[in-house]
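Residue numbers 1 to 219, in full-length UniProt numbering, belong to the letters of the sequence shown in order.
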Amino acid sequence: MRVLSGDVFTVPLTLSVHLFIKGRAKYACAGAVAEDQKRTSCNEDGRCLSGPETPIRPDQQRDRPWQEKLGDICFSLRYVPTAGKLTVIVLEAKNLKKMDVGGLSDPYVKIHLMQNGKRLKKKKTTIKKNTLNPYYNESFSFEVPFEQIQKVQVVLTVLDYDKLGKNEAIGKIFVGCNATGTELRHWSDMLANPRRPIAQWHTLQPEEEVDGALGMKTS
């Protein structure tokens, strides 16, 4: 599926989110932080255009002053409550960590739909050879009933393909109502704007850190 420039919107930070559907109860995803957001839109080729960088919070600097840069990933989220359909479009990644001897990587992205630490569904993108700045623009859909949307997480893992050995994780990120920071804001913006795709850049985190937050065992 090709994403056109008019399909991705730039959305300002919302401090609280309340989604109402006629005949249903309201729900909220609380905990958004009042700070500037990386604003994202797409050009005619579907590539992400990011605005001002999101400032690093003092607690993030204190907790991870030594952390190696793993790269960034841009993807959009779209949820249609009446159809119970969640769509994730993996757009691109940039500045990925070098994994191969030649100084490049063969990156692809795995997308997991999770609930209570268990993987419900799995999708993956194509492999992009010899690049640290892959462009995908690939769309994936999941069936998530309205009653379950607060209980699930979407986990994206960027991996380096290895034809002979094990595919190594470069970095990972997850969004959902129990996420924090930029990841929570992205999910909240999606819920606040049903049927609209919301694109956002995210900084990749170490696999073990994300797995710990999700209560998973690192593979």
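Here a beta-carbon is modelled for each residue, glycine too, at the ideal position from N, C-alpha and C.
A quick note: this is a predicted structure, and the numbers were derived from the prediction, not measured.
Comparing alpha-carbon positions, which option in the options lies nearest residue i?
{"i": "VAL158", "options": "LEU164, LYS172, SER105", "result": "LYS172"}
{"i": "residue 235", "options": "MET216, ILE170, PHE174, VAL210", "result": "With the chain covering only 1 through 219, there is no way to say anything about residue 235."}
{"i": "GLU92", "options": "TRP201, ASP160, TYR79", "result": "TRP201"}
{"i": "ASN116", "options": "ALA192, ASP106, LYS151, LYS94", "result": "LYS151"}
{"i": "MET99", "options": "GLN148, THR131, VAL154", "result": "THR131"}
{"i": "ALA179", "options": "GLY215, ARG195, ALA199", "result": "GLY215"}
{"i": "LYS103", "options": "LYS129, CYS74, LEU156", "result": "According to the sequence displayed, residue 103 carries Gly and not Lys. Minimum Cα distance to GLY103 is reached at LYS129."}
{"i": "GLN148", "options": "LEU191, PRO197, LYS97", "result": "LEU191"}
Give me, in chain order, the residues of the same chain whose beta-carbon lies closer than 7 Å to that of residue i; leave out the 5 immediate sequence neighbours on both sides.
{"i": "GLY84", "result": "GLU143, VAL144, PRO145, PHE146"}
{"i": "ILE127", "result": "ASP106, TYR108, TYR161"}
{"i": "ASP72", "result": "ALA93, LYS94, ASN95, TRP201, HIS202, THR203, LEU204"}
{"i": "VAL88", "result": "PHE75, LEU77, ILE111, PHE140, VAL154"}
Return the chain-ordered list of same chain residues with a C-beta closer than 6 Å to the C-beta of residue i, the five sequence neighbours on each side being excluded.
{"i": "LYS121", "result": "LEU113, PHE142"}
{"i": "GLU209", "result": "none"}
{"i": "LYS123", "result": "ILE111, PHE140"}
{"i": "VAL80", "result": "ARG195"}
{"i": "GLN153", "result": "MET114, PHE174, GLY176"}
{"i": "GLY165", "result": "none"}
{"i": "HIS186", "result": "VAL175, GLN200"}
Let's see if you can read the secondary structure: which residues bound the alpha helix (DSSP H) around residue i?
{"i": "THR182", "result": "181–192"}
{"i": "LEU214", "result": "207–214"}
What residues are listed by DSSP as bridge partners for residue i?
{"i": "TYR135", "result": "GLU92"}
{"i": "GLU168", "result": "ASP160"}
{"i": "GLN150", "result": "GLN150 pairs with nothing; no bridge assigned."}
{"i": "THR87", "result": "ARG78, SER141"}
{"i": "ASP72", "result": "LYS94, THR203"}
{"i": "ILE111", "result": "LYS123, LEU156"}
{"i": "GLY176", "result": "GLN153"}
Could you spell out where the beta strand (DSSP E) holding residue i opens and where it closes?
{"i": "ARG119", "result": "118–124"}
Do residue i and the ligand MN come close, with the Cβ less than 7 Å from some heavy atom?
{"i": "VAL109", "result": "Summarising the ligand content, the structure contains no ligands, and the ligand MN is consequently not present."}
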